[in-house]
Amino acid sequence: MKVTYTQTSRDEAVTALGPNWPARPGATVALIGETVAVTHGALSVHDADGRPGITWWVADGLVVPQDAGPPPELPGCRLETVPEPTVDDAPPLT
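Letter 81 of the sequence shown, counting from 1, is numbered 256 in this note's numbering, and no numbers are missing.
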């Protein structure tokens, strides 16, 4: 497996993610920000030489589910589930 990271601006990555950003509660995300210096941009994974890879957009060090599919399992990166919001996170009723 060959992994290539490409740094872009956060605005470019978030724009490319479109409705996939932010990740929805219950979604599985890959945390790459702890392993790789790239926090915004693209992550391309090539499983076999000479074959096209798959590219995911990265924002805030996270690979979220998007048109390319769910985040890949990557060496040194954790997969986590986005928690459901709690009552304390809800805006106050007016």
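Note that CB positions come from ideal geometry on N, CA and C, so glycine has one too.
Report, in whole angstroms, the separation of the C-beta atoms of residue i and residue j, which I expect to be a contact under 8 Å.
| i | j | result |
| --- | --- | --- |
| V220 | P247 | 5 Å |
| V178 | V204 | Not really, about 17 Å apart at Cβ, beyond 8 Å. |
| A202 | V257 | 5 Å |
Could you check which residue in the options has the C-alpha nearest to that of residue i?
| i | options | result |
| --- | --- | --- |
| N195 | C252, L268, V233 and P266 | V233 |
| W189 | Q241, M176, D222 and I207 | The sequence shown places Val at residue 189, rather than the Trp named in the question. Considering only alpha carbons, the answer is Q241. |
| S184 | H215, G225 and P245 | H215 |
| E255 | Q182, D186, M176 and R199 | R199 |
Mapping the DSSP letters down to three states, classify residue i as helix, strand or coil.
| i | result |
| --- | --- |
| L192 | helix |
| E187 | helix |
| G208 | coil |
| G228 | coil |
| G251 | coil |
What does DSSP give as the partner residues of residue i in its beta bridges?
| i | result |
| --- | --- |
| V178 | V220 |
| T294 | As shown, the chain starts at 176 and ends at 269. That puts residue 294 outside it, with no answer to give. |
| A234 | L237 |
Should residue i go down as buried or exposed, given a rule of 16 or more other Cβ atoms within 10 Å for buried?
| i | result |
| --- | --- |
| A191 | buried |
| L268 | exposed |
| A212 | exposed |
| I207 | buried |
| A223 | exposed |
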